[in-house]
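Residue numbers (this note's numbering): 15 to 530.
Even glycine gets a Cβ: it sits at the ideal position worked out from N, Cα and C.
All figures in this text were calculated on a predicted structure; none of them were measured in a lab.
First comes the structure, then the notes that go with it.
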């Protein structure tokens, strides 16, 4: 029996204390790879709840498999196998984000299969780590209960630290690729310091040390070049030159350019093309605002690119515009970048405009201002987090902020590609107490796109002329916008409530039928 095991206190030797501390790093890395896979799949595939739920389930099941497999490691090989697993986890986990991103950009068909295969492989390896550490330590001290408490304490503490750092610091500041490489290097560091401190107990020390140094150097090179790798992947994904890209705590923003066409993508989804965005934003703003020549105040929810605000400011009678957008990186980009600010005509710097970075639902709850026009220019309801912004309670909140004769305009997805989603938004507005006036416009980059104009009183009449210069709208286009052909007729759907989020389900089903 060792001296540590025979001592009354069962105190750990210095190398064993370091191995206990390595549990903190191991747990941190394991959770980080899980969060990276969930975040990346949410960015690329949408529906964050489904992606995170399925990845967490796959990962935890794989960890259980790994824990079971660990019992087949011979006692004399436990320490060597732990080091080998750390090197393999570091290599696979470190490469995971970059590998998946490159695969999605250049060969999107097998992405899901590779994603879950990689998650399962990492889960199996991570599941073997803690049992092997506990077996190593159990041979070096008598008190098994103290061993379990120490190992699990550091395991859970590591998970807590990463769960806080990942959304607040790592993902927004480093990005997913760099974060993956960083944690991969941490796993390899665990392997290397374990090699050094237990070098007397390990066979083939030189070979393992060489492998560890090579893997560390490979991951360090990946960390140094991850920006170029990500740019190359995004060029393949979007097809055009990427002129700006950043990951924020809320989303991935990418701006591309091809000739005179500048495009914004959020989480891989096109938000606008500079060639035809005027169609979308004129249709969003002018039918409502032209019918409110007395309007003095406008609230824009979403629309952090400032393009809707640009159209609002064309109306000289508007004295005050409040823009509420969640992401300060979005509004900052379209305020400070000269090329992008030129697209919105410098609208976000206009003295009549107040820019507020806050969650729209919370801002509506906490403030009491009343506006003559509210424009809800939110992203499509592709997740439950976005779906809540299209719910009955949110629309009732908006009604409290709307003047008696004012109007609310909601971008409402495509009545052609996503008809149930479109008419669900219409039904939700009506259940919230509004009179609705649905309409649509053709935007070449998106196809047929839909809007809903809602009022607290009946009697809205579409305008027959416009007092501001327009490139797309006139009397004829406006008349046709408020008419729906038979193949876009209203459908019987339920309203969107927070407890059921029917809209998100409609949205998934609709787009699944048209996206190849």
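Spatial distance of residue i from residue j (CA atoms)
| i | j | result |
| --- | --- | --- |
| residue 231 | residue 49 | 24 angstroms |
| residue 180 | residue 196 | 12 angstroms |
| residue 521 | residue 336 | 29 angstroms |
| residue 16 | residue 217 | Reliability of the predicted coordinates at residue 16 is poor, the pLDDT of 39 falling under 50, and the value obtained from them is presented with this limitation in mind. Cα to Cα, the separation comes out at about 20 angstroms. |
| residue 263 | residue 272 | 28 angstroms |
| residue 508 | residue 375 | 22 angstroms |
| residue 484 | residue 309 | 19 angstroms |
| residue 414 | residue 384 | 7 angstroms |
| residue 396 | residue 170 | 33 angstroms |
| residue 20 | residue 87 | Summary for residue 20: the model assigns pLDDT 39, below 50, so the residue's position carries little reliability, and this model does not support an answer. |
| residue 290 | residue 274 | 11 angstroms |
| residue 36 | residue 150 | 13 angstroms |
| residue 463 | residue 293 | 10 angstroms |
| residue 56 | residue 114 | 12 angstroms |
| residue 189 | residue 260 | 8 angstroms |
| residue 70 | residue 268 | 27 angstroms |
| residue 511 | residue 408 | 10 angstroms |
Contact under 8 angstroms by Cβ, residue i with residue j
| i | j | result |
| --- | --- | --- |
| residue 297 | residue 389 | no |
| residue 339 | residue 359 | no |
| residue 282 | residue 33 | no |
| residue 361 | residue 320 | yes |
| residue 244 | residue 191 | yes |
| residue 495 | residue 432 | no |
| residue 52 | residue 66 | yes |
| residue 524 | residue 434 | yes |
| residue 182 | residue 193 | no |
| residue 43 | residue 130 | no |
| residue 366 | residue 327 | yes |
| residue 83 | residue 138 | yes |
Host beta strand (DSSP E) of residue i (start-end)
| i | result |
| --- | --- |
| residue 272 | 266–272 |
| residue 462 | 461–469 |
| residue 334 | 334–339 |
| residue 371 | 367–371 |
| residue 417 | 416–425 |
| residue 314 | 311–316 |
| residue 298 | Premise fails: residue 298 lies in the alpha helix (DSSP H), 291–304, not in any beta strand (DSSP E). |
Segment limits, alpha helix (DSSP H) that includes residue i
| i | result |
| --- | --- |
| residue 348 | 342–350 |
| residue 481 | Premise fails: residue 481 is in no alpha helix (DSSP H) and is neither H nor E. |
| residue 197 | 189–211 |
| residue 129 | 125–152 |
| residue 523 | 516–526 |
| residue 326 | 321–326 |
| residue 397 | From DSSP, residue 397 is part of no alpha helix (DSSP H); its letter is neither H nor E. |
Residue-level contact to chain E via CB, residue i, 8 angstroms cutoff
| i | result |
| --- | --- |
| residue 401 | Among the chains of the structure shown, chain E does not appear; only one protein chain is present. |
Of the listed residues the options, nearest to residue i (C-alpha basis)
| i | options | result |
| --- | --- | --- |
| residue 306 | 244, 247, 387 | 387 |
| residue 215 | 40, 97, 478 | 97 |
| residue 398 | 54, 517, 455, 285 | 517 |
| residue 492 | 117, 282, 453 | 453 |
| residue 223 | 100, 272, 146, 143 | 100 |
| residue 394 | 488, 73, 428 | 428 |
| residue 314 | 371, 267, 270, 304 | 371 |
| residue 203 | 39, 304, 463 | 39 |
| residue 445 | 406, 416, 356 | 406 |
| residue 4 | 460, 351, 346, 247 | Any property of residue 4 remains undetermined from this structure, which presents the chain solely from 15 to 530. |
| residue 265 | 289, 125, 192, 280 | 280 |
| residue 449 | 148, 236, 403, 466 | 466 |
| residue 300 | 353, 416, 478, 237 | 478 |
| residue 111 | 513, 500, 241, 142 | 241 |
| residue 532 | 144, 42, 183 | Nothing can be reported for residue 532: it is not among the residues displayed for the chain, which extend from 15 to 530. |
| residue 457 | 131, 285, 188 | 285 |
| residue 514 | 287, 140, 238, 404 | 404 |
Inter-stretch contact at 8 angstroms, needing at least 3 Cβ pairs: the stretch 456–470 / the stretch 405–422: Counting Cβ pairs under 8 angstroms, three or more are found: they touch.
Segment contact, 8 angstroms Cβ cut-off, at least three pairs: the stretch 171–186 with the stretch 206–220: Contact fails between the stretch 171–186 and the stretch 206–220, because fewer than three Cβ pairs, one in each stretch, are under 8 angstroms apart.
Inter-stretch contact at 8 angstroms, needing at least 3 Cβ pairs: the stretch 226–241 / the stretch 97–106: Put simply, the stretch 226–241 touches the stretch 97–106. At least three CB pairs are less than 8 angstroms apart.
Cβ pair count under 8 angstroms reaching 3, the stretch 433–441 against the stretch 491–506: Judged by Cβ distances under 8 angstroms, the stretch 433–441 makes contact with the stretch 491–506, as three or more pairs qualify.
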